[in-house]
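Engineer: Oh and the sequence shown: position 163 is 163 in our numbering, straight run, nothing missing. Even glycine gets a Cβ: it sits at the ideal position worked out from N, Cα and C. Predicted model only: the values in this text are computed from it and were never measured. Here it is, the structure in full.
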Amino acid sequence: MNWNKRLLDTPIIGDITKKIVSAKASREAHSISDHFTQFLQPCIAVSQTLKEEAFKIRHSVYCEELAFEEVRDNGQETDEFDHQSMFSLIKHKSSGTFTSCVRIVTSSGPDELLPIEKYCMGSITNEELSPKRFNRNEIAEISRLAVKSDFRRRKADNYKGSGTGVISEITYSETELRCFPFIAIGLYMAAATMSMNTGIRHIYVMMEPRLARSMKFIGINFQQLGAPVDYHGLRAPYYINPEIFMKNLSPGFKSLFSTIEEDICSQLNQLDLA
1 MNWNKRLLDT PIIGDITKKI VSAKASREAH SISDHFTQFL QPCIAVSQTL KEEAFKIRHS
61 VYCEELAFEE VRDNGQETDE FDHQSMFSLI KHKSSGTFTS CVRIVTSSGP DELLPIEKYC
121 MGSITNEELS PKRFNRNEIA EISRLAVKSD FRRRKADNYK GSGTGVISEI TYSETELRCF
181 PFIAIGLYMA AATMSMNTGI RHIYVMMEPR LARSMKFIGI NFQQLGAPVD YHGLRAPYYI
241 NPEIFMKNLS PGFKSLFSTI EEDICSQLNQ LDLA
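Listed below in structure tokens is the structure:
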């Protein structure tokens, strides 16, 4: 176990260390928020063309890289829940490359189950926050979040490129590289904005507990609803609503959220979806 991990796991010292590191992350996010939309653009995928971009990213991550799903001949990963979903992408502006995607699965009635209801309902032991207790048009699930390997932060500032090995600073500026680790967080923020502005009040997600801990680290406190189960790896059911989302978000990440929210809301207004 490395010293950072040992410090973080030490009572009292660990708590202080986590707060210090969290504060550093918050300052970094505040700095990044000024540059995020300079290099990266959250996009609502309404057209079939944009949806297919999301399906291609999902195929790259879930089928080719992680082998959670079978490889498809058309290079697109789709499933039965896509017809009842909203989609968001994040685009790298200068290259025109779509870096990542996420979907928000909605429900218009009892015949439209969320993935968590169909496959993992038994894992939810907190009945008070079960999706069956809320109006169907106010529940949703964040799922199929995927970030292309090209745009993930790697050890020692190495960036694994698709087919080329490494993304160098010759291709991407240092400021751009600093934005890349925030792409996944940006996806959650885009999903939150789309949900809150379309009447969604209760959001569910199946995620790895370590990811939930990482999100808590920056002030996004998903509430665990049950024990982890084997669902594409060890994952547990989590819940969040707009009040919980905004309550503990650190100042730096609030700044980043405001930047993303402004962009997404502008698109929603243009689409007349808000």
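#1: Looking at the unbroken alpha helix (DSSP H) that takes in Arg178, where does it start and where does it end?
#2: Would you mind reading off the limits of the alpha helix (DSSP H) that contains Phe36?
#3: So within the region 96–128, which uninterrupted alpha helix (DSSP H) runs reach at least 4 residues, ignoring any that extend past its ends?
#4: Could you check where the beta strand (DSSP E) with Ile87 kicks off and where it finishes?
#5: Below 8 Å, is the gap between the Cβ of Arg136 and the nearest heavy atom of the ligand ZN?
#6: Taking just the CA atoms, how far does Asp111 sit from Glu182?
#7: Under 9 Å between the Cβ atoms of Ile220 and Ile240?
#8: Within its chain, find whatever has a CB closer than 8 Å to the CB of Leu249; leave out the 5 residues flanking it on each side and keep chain order.
#9: How far does the beta strand (DSSP E) with Ser143 in it extend, from its first residue to its last?
#10: So if DSSP puts Val229 in a beta bridge, which residue, or which two residues, is it bridged to?
#11: Considering Ile218, what are the terminal residues of the alpha helix (DSSP H) in which it resides?
#12: What residue range does the alpha helix (DSSP H) around Tyr188 cover?
#13: Enumerate in chain order the residues of its own chain whose CB-to-CB distance from Thr37 is below 8 Å, with the five nearest sequence positions on each side excluded.
#14: Rounded to a whole number of angstroms, what is the C-alpha to C-alpha distance between Thr193 and Glu70?
#15: Excluding the 5 residues flanking Lys93 on each side, which residues of the same chain have their C-beta closer than 8 Å to its C-beta?
#16: Quick one: what does DSSP say Gln76 is sitting in, helix, strand or coil?
#17: Can you check which of these residues, Gly226, Leu66 and Ser88, is closest to Leu129 by C-alpha distance?
#18: Below 8 Å on the Cβ atoms is my contact criterion, and I expect Leu187 with Ser100 to pass it. Report the Cβ-Cβ distance as a whole number of Å.
#19: Is Val205 helix, strand or coil by DSSP?
#20: On a Cα-Cα basis, can you pick out the residue from Glu127, Glu174, Met196 and Phe98 that is closest to Asn137?
Structural biologist: For this structure:
#1: Unbroken alpha helix (DSSP H) run through Arg178: Glu174 to Cys179.
#2: Going by DSSP, Phe36 is part of the alpha helix (DSSP H) stretching over Phe36 to Phe39.
#3: Here the runs fully enclosed are 115–119.
#4: Ile is not the amino acid found at residue 87; the sequence shown has Phe there. Unbroken beta strand (DSSP E) run through Phe87: Ser85 to His92.
#5: This structure simply doesn't include the ligand ZN, nor any ligand for that matter.
#6: Residue identity check: residue 182 is Phe in the sequence provided, not Glu. When the Cα atoms are used, Phe182 and Asp111 turn out to be separated by approximately 36 Å.
#7: Yes; because the gap between Cβ atoms is below 9 Å, this pair is in contact.
#8: These residues qualify, in order along the chain: Ile218, Gly219, Ile220 and Phe257.
#9: For Ser143, the enclosing beta strand (DSSP E) stretches over residues Ile139 to Val147.
#10: In the DSSP secondary-structure assignment, Val229 is bridged to Arg235.
#11: No alpha helix (DSSP H) contains Ile218, which DSSP labels as neither H nor E.
#12: Counting along the chain, the alpha helix (DSSP H) containing Tyr188 begins and ends at Ile183 to Met196.
#13: Taken in chain order, the residues that qualify are Thr259, Ile260 and Asp263.
#14: When rounded, the distance between both Cα atoms is 32 Å.
#15: Here the set comprises Gln38, Phe39, Leu40 and Gln41.
#16: Gln76: coil per DSSP, three-state reduction.
#17: The shortest C-alpha separation from Leu129 is found at Gly226.
#18: Going by Cβ atoms, the distance from Leu187 to Ser100 rounds to 6 Å, so yes, they are a contact pair.
#19: If DSSP states are grouped into helix, strand and coil, Val205 belongs with the strands.
#20: With respect to the C-alpha of Asn137, the residue from Glu127, Glu174, Met196 and Phe98 having the closest C-alpha is Met196.
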